[in-house]
Every structure is written in structure tokens, then in C-alpha cells.
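> Below is one structure. I have some questions about it.
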Amino acid sequence: MEKPKFRTPSGMHDILPQEQVFYQKIYQAAEKIFNFYNFEKIDTPILEEAEIFSKGIGESTDIVEKEMYTLRTKGRDFLALRPEGTAPVVRAYIQHGFRTLSQPVKLWYFGPYFRYERPQAGRSRQFWQFGIEVLGEKSPVIDAQVILILFDVLEELGFENLILKINSIGDENCRPYYKKALLSFLRPQRTSLCSDCQNRLKVNPLRILDCKQEKCREIISGAPQIINYLCEECHRHFKEVLEFLDELKLPYILDPYLVRGLDYYTKTVFEIGIEPKEGESQVGSLAGGGRYDKLVKLLGGVDTPACGWAAGMERIIELMKLKKKKIFSPACPQVFLAQIGSLAKRKSLKILEEFRKEKIKIAESLAKDSLNAQLNRADRLGIKYVLILGQREAIEDKIIIRDMESGQQVTIKQNKLLKEIKKRLRIKK
Ligand SMILES: [Zn+2]
Ligand SMILES: [Zn+2]
């Protein structure tokens, strides 16, 4: 193939027609669950003032420090392509006075996000996320419900053996004590840490717990655990969250070193993944989130507790493909009309209209004359039933229905066609 002059920017990808079905399926599954729990959808702009992210996510995080796409507009505004979904939703909550609505306010979103990451397998610079935020309620029952909804969505998509990793990272009362303990543990070993972590030691030691480098992981495995430093309030909150999870029989493991890469979390943090079967390798997390009781105030609003999560579409789709989950979208037709000869071609237009009126999807290749070419196309589309209108059938007002799976076919009168197809597709009425 000739090398094209223009390609997608590095790390960005087209979502081709054959991929769309995955996005549709995930959107529909998520929307169904969110609707049940009375969440309302919100769309925020792709660009925001960069400051909501530097303030909200934290100046010294990788996202803000290295991965944010920023630009200066002609009007001298400093904007960023949104790297995540929570800060924009919080900005909207404050801007539109949602505090005056009955609390909690429950919102969901679905859209593209941007991070300037090193291009590598599984990492995109434009990626898709969907998620929920519950604002205005501090009770631990919300943490548990938010987690339950995450399980619901992933189970709706057919995932099994889901496992939650959960931790509490305390709040402004108790975290400073933990930071101190962590620092006095890490400082004597600083030269053994990776260069990033040596830097983190100065600006944000908690992030060291997140490091993926082998030598850092080894040191961390002996580090003090934040759970032992929680104040009474944080301890009680975490205990209650876990009790709710027990009650719901949701499988979780306590991960004392789970911190997540954003500064705004307080108390509960969690990630969800799939428990590897024997011989399978561990896959990264599908979604993660937590409580962020200080973010609304940090962005200029009134002190408002909140909790939420975001899920990564690319990772979920990758797994759906890996598990070879059969995805049938209602958007995909299951019937195909093939025709041979000019009389059949003319009659085909009328038959297609009848299907349209009955709202039954039907595909065709009217411009093609060869039956083989038409059958090949039907095969590629994964069609269940092909209708064949040959010269003889066209004259006799008949049509052939071929079941593409079994290869069996029957010839019926054309005026019985819709009824027969509805029966086979189990369409009521
Ligand atoms: Zn490190
Ligand atoms: Zn605390």
C-alpha cells in the first residue's frame, strides 16, 4: 500500500466503522444502569481553563506536569484539553449553582479525553472515558453505591471475576502524620529509589507508592501503611464502606498502597480489575475512582463532599475482544436482500421500503449483479438471513430465504415474507 501523506497524530486513532459497535454497546449498557440509579448526563467542553486541572489534580502529578495539552488562545486564555472528567464536572457544579438543587447531585459523562503520554501499546493520547460523580453527600453509603454501580455496568457488559482493590488515603487531618512516617521510612533509602521517586520524595511522597519500577516496588513493600494512621473519622468511614461492600457481597481486597495518581482524593480510593485465572497474566484496571471531599472547595465552591469513578473504554474494549465476547448491536442488520436480473432489481426497491416501514434493518448491494459478490458481502456483515430474489422468483412473486448458519433455504410467497422474517427474528406483532 502507498504510504499516505497524512496520518492521525501520533498516539491518536480513528474509531473505524467496525469498532463503533463496541462503543455503542458500552454506551447503552452504562446508560441503562445510570438511568436506573437516577443519574443525569452532563457534557462539558473538551477545552477548559488549564488551572482547574493544575489546582484540582495537583501541580506535581504526572498528568499536569508532563501529560497535559495546553494552549494559549488569541484572547490570551490559557486552556487545556481535558485530561480527565472529574474536575470539569465539579467546575460545572459550581458554575451552575447545583448546590441549590436537592443533594446529592448525580451526574454521568461519556467522551474523549487527552493526555500527552509516551505512545505505547494500550496507551492513546486521545482516549475515551465514561464515569459518574455524586456530589453533596458525605455518607459512606454513597461510596458503596458508587462501587456497586461500577460492578453493575461491567457485569452488564458480560465481565466476570471482577475484583475491587480498595484503600483509604485519609484526609487533611491524618494524612500529614502518614506523610511524615513515610518520609522517615523512605529518606534513608532515597538513593535506591528511581530518579522520578527521588523527586517525588520532595514534592509528593505518596505518589511513590504508585511507582511501577521494580526497585521502588521492593522498597514500598516494607513501607508503613496509611490504614494505621487514619484519624477516627476516616477510620470509621472506611470501616462502614467495607461493611456495605460485605453486605452487598462484592469481592474486594484491601490494598494498603493504592493511592491513585491524582491529588484530589480523600478517604476511599478504589480500582477494579479482573481476577486472573490460573496461567493468565494480570490485566490492568478497567476503572477507578474514589472520594474527593476537598475538590469543590479547591476549585472555588462551597465545601462539598463528593465521590465518583471513571472507566477506560479502550481497556474495556480490548478485554471484550480478548474474551471474544459476541457483540450484536441492534444497529446491525440481520437480513440481507440479494437480487439477480433487472426485474428482481426493480422489485427489490419496493421490498426494502416494506422493511423500512416495519423498522426492520435490512442490508443490500443493489449495484452488484453477481450473486456470489452479494453473498460474500452478506457473509462479511455477519448476516443471519439472506433473501434471494432470482429472475424466476421475481416473475412468480416468490422469494428465497436462506439461513446463513445452517445453509438451509425455503421459497415462500413474497406477501408472506415480512411475517416469516419477524417470526424468525422473534419480533413481536
Ligand atoms: Zn520509583
Ligand atoms: Zn482522617
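In the working numbering, the protein residues as written are 212 to 640.
Heads up, the beta-carbon is just placed ideally off N, CA and C, and yes, glycines get one too.
1. As a quick exercise: from I606, I611, D407 and K460, pick the residue whose alpha carbon is nearest that of T272.
2. For A549, which residues of its own chain have a beta-carbon under 8 angstroms away from its beta-carbon, when the five flanking residues on both sides are left out?
3. Where does F691 land, buried or exposed, given buried means 16+ other C-beta within 10 angstroms?
4. Between L417 and E366, what straight-line distance do the alpha-carbon atoms span, to the nearest angstrom?
5. Which residue from V300, I606, K243 and L554 puts its Cα closest to that of V361?
6. Pull the bridge partners of V345 from the DSSP assignment, please.
7. In chain order, what residues of the same chain lie with their CB nearer than 7 angstroms to the CB of F562, ignoring the 5 residues before and after it?
8. Kindly indicate the opening and closing residues of the alpha helix (DSSP H) around G174.
9. Which residues in the same chain have their Cβ closer than 6 angstroms to the Cβ of I377, if we skip the five residues on either side of it in sequence?
10. Taking Cβ positions, are Q340 and G501 nearer each other than 7 angstroms?
11. With distance defined between alpha-carbon atoms, name the residue in F455, D363, I485 and Q436 nearest to A392.
12. Let me confirm a value: A240 is counted as buried when at least 16 other C-beta atoms fall within 10 Å, else exposed. Which label applies?
13. Classify P387: buried if its beta carbon has 16 or more other beta carbons within 10 angstroms, exposed otherwise.
14. Excluding the five sequence neighbours on either side, which residues of its own chain have a C-beta within less than 6 angstroms of the C-beta of I353, listed in chain order?
15. Is it right to say K306 is buried, meaning 16 or more other beta carbons lie within 10 angstroms of its own, or is it exposed?
16. Rounding to the nearest angstrom, what Cα-Cα distance links S189 and L560 in this structure?
17. Over what stretch of residues does the alpha helix (DSSP H) that includes T297 continue unbroken?
18. How big is the Cα-Cα spacing for N384 and I263?
19. Once DSSP output is grouped into helix, strand and coil, what is the label at K252?
20. I'd like to confirm something about D466: is its beta-carbon nearer than 6 angstroms to some heavy atom of ligand 1, or not?
21. Under 8 angstroms Cβ to Cβ from L456, same chain only, skipping five residues before and after it: list those, please.
22. Exposed or buried, D608, counting other C-beta atoms within 10 Å across all chains shown (16 or more means buried)?
23. Please say whether Q409 and I430 have beta carbons closer to each other than 7 angstroms?
24. To the nearest whole angstrom, what separates the beta carbons of Y327 and E260, a pair I think is in contact under 8 angstroms?
25. Verify the contact flag: D273, CB atom, against every heavy atom of ligand 1, threshold strictly below 6 angstroms.
26. For the alpha helix (DSSP H) containing R283, name the first residue and the last one.
27. Can you tell me which residues form a DSSP beta bridge with P323?
28. Report the residue ranges of all alpha helix (DSSP H) runs contained in full by the segment 605 to 631; include only those spanning at least 4 residues, in chain order.
29. Go through the residues and name those whose CB comes closer than 5 angstroms to any heavy atom of ligand 1, in chain order.
30. DSSP on E529, reduced to helix/strand/coil?
31. Measuring only from the beta carbon, is I439 closer than 6 angstroms to any heavy atom that is part of ligand 2?
32. Out of N372, P228, M615 and Q229, state which residue places its alpha-carbon closest to the alpha-carbon of E486.
33. Buried or exposed, going by whether 16 or more other CB atoms sit within 10 Å of the CB of S335?
34. Grab me the residues of R459's own chain with a C-beta within less than 8 angstroms of its C-beta, minus the 5 sequence neighbours each way, in chain order.
35. For P228, which of Y238, L592, I610 and P220 has the nearest alpha-carbon?
36. Please list, in chain order, all residues with a C-beta atom less than 5 angstroms from at least one heavy atom of ligand 2.
In short:
1. D407
2. E575, S576, L582, Q585, L586, A589, V597, L598, I599 and L600
3. As shown, the chain starts at 212 and ends at 640. That puts residue 691 outside it, with no answer to give.
4. 32 angstroms
5. Note that residue 361 is Leu in the sequence shown here, rather than Val. Of the listed residues, the one whose Cα sits closest to L361 is K243.
6. K317 and C518
7. Note on identity: in this sequence residue 562 is Ile, with Phe being the wrong assignment. Same-chain partners within the cutoff: L548.
8. Summary: the structure shown does not reach residue 174, with the chain confined to residues 212 through 640, and so no result is reported for it.
9. Once the five neighbours on either side are set aside, the close Cβ partners of I377 are Y463 and F481.
10. no
11. Q436
12. It is buried - the Cβ of A240 has at least 16 other Cβ atoms within 10 Å.
13. By the neighbour-count definition (other C-beta atoms within 10 Å, threshold 16), P387 is an exposed residue.
14. V345 and C518
15. For the record, residue 306 in the displayed sequence is Gln; it is not Lys. Result: exposed.
16. It is not possible to answer for residue 189, since the shown part of the chain is limited to 212 through 640.
17. T297 to Q306
18. 24 angstroms
19. strand
20. no
21. Counting only Cβ-Cβ distances below 8 angstroms, and skipping sequence neighbours, we find A355, I358, L375, I377 and Y463.
22. So D608 ends up on the exposed side.
23. no
24. Not really, about 18 angstroms apart at Cβ, beyond 8 angstroms.
25. Incorrect: D273 has no Cβ contact closer than 6 angstroms to ligand 1.
26. Membership of R283 in any alpha helix (DSSP H) is not indicated; the residue belongs instead to the beta strand (DSSP E) covering T281 to R283.
27. W339
28. Entirely contained in the segment 605 to 631, not one alpha helix (DSSP H) run reaches 4 residues.
29. C405, C408, C422, Q424 and C427
30. helix
31. The amino acid occupying residue 439 in the given sequence is Asn; Ile does not appear at that position. It does not: the Cβ of N439 is nowhere closer than 6 angstroms to a heavy atom of ligand 2.
32. Ranking N372, P228, M615 and Q229 by Cα distance to E486 puts N372 first.
33. buried
34. Before going further, note that residue 459 is Leu rather than Arg in the sequence given. Counting only Cβ-Cβ distances below 8 angstroms, and skipping sequence neighbours, we find A355 and L359.
35. Residue L592 is the option with its Cα nearest to P228.
36. G381, D382, N384, C385, C442 and C445
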